[in-house]
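Residue numbers (the working numbering): 6 to 66.
As structure tokens, then:
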């Protein structure tokens, strides 16, 4: 949330990686401003997809 409120960092997509996998935890993370919320154990393909999406947003933005 702090990063989203700062103009110097608001454009940076932030990925969350957490063992908290309950739907309410994921929803709270997304509401807090995370670009993606991945749960452990992570799937490499899902992680790579999230990174690629974040990089595309960074280049486009």
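Beta carbons are placed, not taken as given, at the ideal position from N, Cα and C, and that holds for glycine.
To the nearest angstrom, how far is it from the Cα of residue 65 to the Cα of residue 55?
The residue given as residue 65 occupies position 60 in the chain shown. The residue given as residue 55 occupies position 50 in the chain shown. The alpha-carbon atoms of residue 65 and residue 55 are separated by roughly 15 angstroms.
I'd like to check one pair, residue 26 with residue 6: are the Cβ atoms closer than 8 angstroms?
Start at 1 with the first residue of the chain shown, and residue 6 comes out as number 1. Start at 1 with the first residue of the chain shown, and residue 26 comes out as number 21. No, Cβ-Cβ distance for residue 6 and residue 26 is not below 8 angstroms.
Leaving aside the five residues before and after residue 15 along the sequence, list all residues of the same chain whose C-beta is less than 6 angstroms from its C-beta, in chain order.
For this step, residue 15 is matched to residue 10 along the chain shown. Around residue 15: 9.
Any Cβ of chain D within less than 8 angstroms of the Cβ of residue 55?
Here chain D cannot be found, since the structure has a single protein chain.
To the nearest angstrom, report how far apart residue 22 and residue 61 are at their CA atoms.
Residue 22 sits at position 17 when you count from the first residue of the chain shown. Residue 61 sits at position 56 when you count from the first residue of the chain shown. Spanning the two alpha carbons is a distance of roughly 19 angstroms.
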